[in-house]
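Per this note's numbering, the sequence shown starts with residue 33, numbered consecutively.
For every residue, glycine included, the Cβ atom is placed at its ideal position computed from N, Cα and C.
First up is the structure itself, then whatever we jot down about it.
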Amino acid sequence: MPKQPIRVLLVDDHAVVRAGYARLLKLAGDIEVAGEADSGERAYALCREHNFDVIVMDLSLPGMSGIETTRRICSRHPGTRVLVFSVHEEAIFVRRALAAGATGYIGKRAVADVLIEGVRQVACGREYLDPGLADDIVASAQDSTSPLACLSSREFEIFRLVASGMSVTDIAEELFVSPKTVANHASRLRAKLGVGGTAELTRLAIRTGVVGL
Numbered sequence: 033m034p035k036q037p038i039r040v041l042l043v044d045d046h047a048v049v050r051a052g053y054a055r056l057l058k059l060a061g062d063i064e065v066a067g068e069a070d071s072g073e074r075a076y077a078l079c080r081e082h083n084f085d086v087i088v089m090d091l092s093l094p095g096m097s098g099i100e101t102t103r104r105i106c107s108r109h110p111g112t113r114v115l116v117f118s119v120h121e122e123a124i125f126v127r128r129a130l131a132a133g134a135t136g137y138i139g140k141r142a143v144a145d146v147l148i149e150g151v152r153q154v155a156c157g158r159e160y161l162d163p164g165l166a167d168d169i170v171a172s173a174q175d176s177t178s179p180l181a182c183l184s185s186r187e188f189e190i191f192r193l194v195a196s197g198m199s200v201t202d203i204a205e206e207l208f209v210s211p212k213t214v215a216n217h218a219s220r221l222r223a224k225l226g227v228g229g230t231a232e233l234t235r236l237a238i239r240t241g242v243v244g245l
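Shown next, in the form of structure tokens:
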């Protein structure tokens, strides 16, 4: 009997981007794009309804972030493997994705063959890191000494959004939680990080590569 194709769920909030990835993966011959999702919530729902071998996950999603989506899916469906495919190549994002349960991580600047190889390797249960990532980023992805290592997934996401300049109200709408919940998380993460306000928090985010200048 012929080998079954690798069933992939594509998760990206841009339809044109998903269409491009779908065409690329279909050309591989042994990969089937079995589903698409434009949000973490939709991806999570699809994983409850269908079985996928690999989820190709963007991190920058509306609502629930790719890292939080990865954590929830891997917790509920431990046999499903996640390959992060993101514009974020900073060490903190690699580390957070792997800690959430991702099996692989690829930057969106990678060539087409890297994505295909990543899907194949992750489908076999092997960890796969983009060979184009700088050696120091790959090495530090395993390092737990970052000042951000103490943050929960939700705290890290709020940290990123606050440092990006979003208000408590806007963050609450983005994450589908109450402003009070956001404010409580923000207060706890400032205490954990030892920062006194938004300006100091933003400087830390820039220094650690979570947001750009």
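Asked                                                                                                                                                      : Found
How would you label residue 246, buried or exposed, when you count the other beta carbons within 10 angstroms and need 16 or more for buried?              : One cannot answer for residue 246 here, as it falls past the ends of the chain, which runs 33 to 245.
Considering only residues of the same chain and omitting the five flanking positions on each side of residue 132, which have a CB-CB separation below 6 Å? : 99, 102, 103
Along the chain, where does the alpha helix (DSSP H) containing residue 290 start, and where does it finish?                                               : Coverage of the chain is limited to positions 33 through 245, which leaves residue 290 absent and any answer about it impossible.
Return the chain-ordered ranges of every beta strand (DSSP E) run that is complete within the segment 42-112 and spans a minimum of 3 residues.            : 63-69, 86-89
Quick check on the DSSP output: the alpha helix (DSSP H) that includes residue 150 runs from which residue to which?                                       : 144-155
Alpha carbon to alpha carbon, what distance is there between residue 164 and residue 239?                                                                  : 22 Å
Is it buried or exposed for residue 189, if we count other Cβ within 10 angstroms and need 16 for buried?                                                  : buried
Is it true that the CB of residue 95 sits closer than 8 Å to the CB of residue 73?                                                                         : yes
Could you check what DSSP says for residue 33 in three-state terms: helix, strand or coil?                                                                 : Interpretation of residue 33 is limited by its pLDDT of 41, a score under 50 that renders its predicted location unreliable; the figure taken from the coordinates is listed afterwards. Three-state result, residue 33: coil.
Give me the Cβ distance between residue 161 and residue 135, rounded to the nearest whole Å; I'm assuming they're in contact under 8 Å.                    : Between residue 135 and residue 161 the Cβ distance is about 10 Å, and since that is not below 8 Å, they are no contact.
Hey, quick one: how far does the beta strand (DSSP E) through residue 229 stretch, first residue to last?                                                  : It is not in any beta strand (DSSP E) - residue 229 carries neither H nor E in the DSSP assignment.
For residue 59, does the count of other Cβ atoms within 10 angstroms reach 16, so buried, or fall short, so exposed?                                       : exposed
Rounded to whole angstroms, what is the Cα-Cα separation between residue 232 and residue 127?                                                              : 23 Å
Using the C-alpha atoms, what's the distance from residue 159 back to residue 226?                                                                         : 34 Å
From residue 117 to residue 186, what does the alpha carbon distance come to, in whole angstroms?                                                          : 20 Å
Measuring straight from C-alpha to C-alpha, what distance separates residue 76 and residue 105?                                                            : 6 Å
With a CB to CB cut of under 8 Å and the five nearest residues on each side skipped, what residues in its chain are close to residue 38?                   : 62, 63, 64, 85, 86, 151, 152, 155
Sort 236, 68, 147, 222 by Cα distance to residue 184 and report the nearest one.                                                                           : 222
How far does the alpha helix (DSSP H) with residue 125 in it reach, from first residue to last?                                                            : 123-132
Taking the continuous beta strand (DSSP E) assigned at residue 139, which residues delimit it?                                                             : 136-139
Excluding sequence positions up to five away, which residues of its chain have a Cβ less than 6 Å from the Cβ of residue 237?                              : 195, 243
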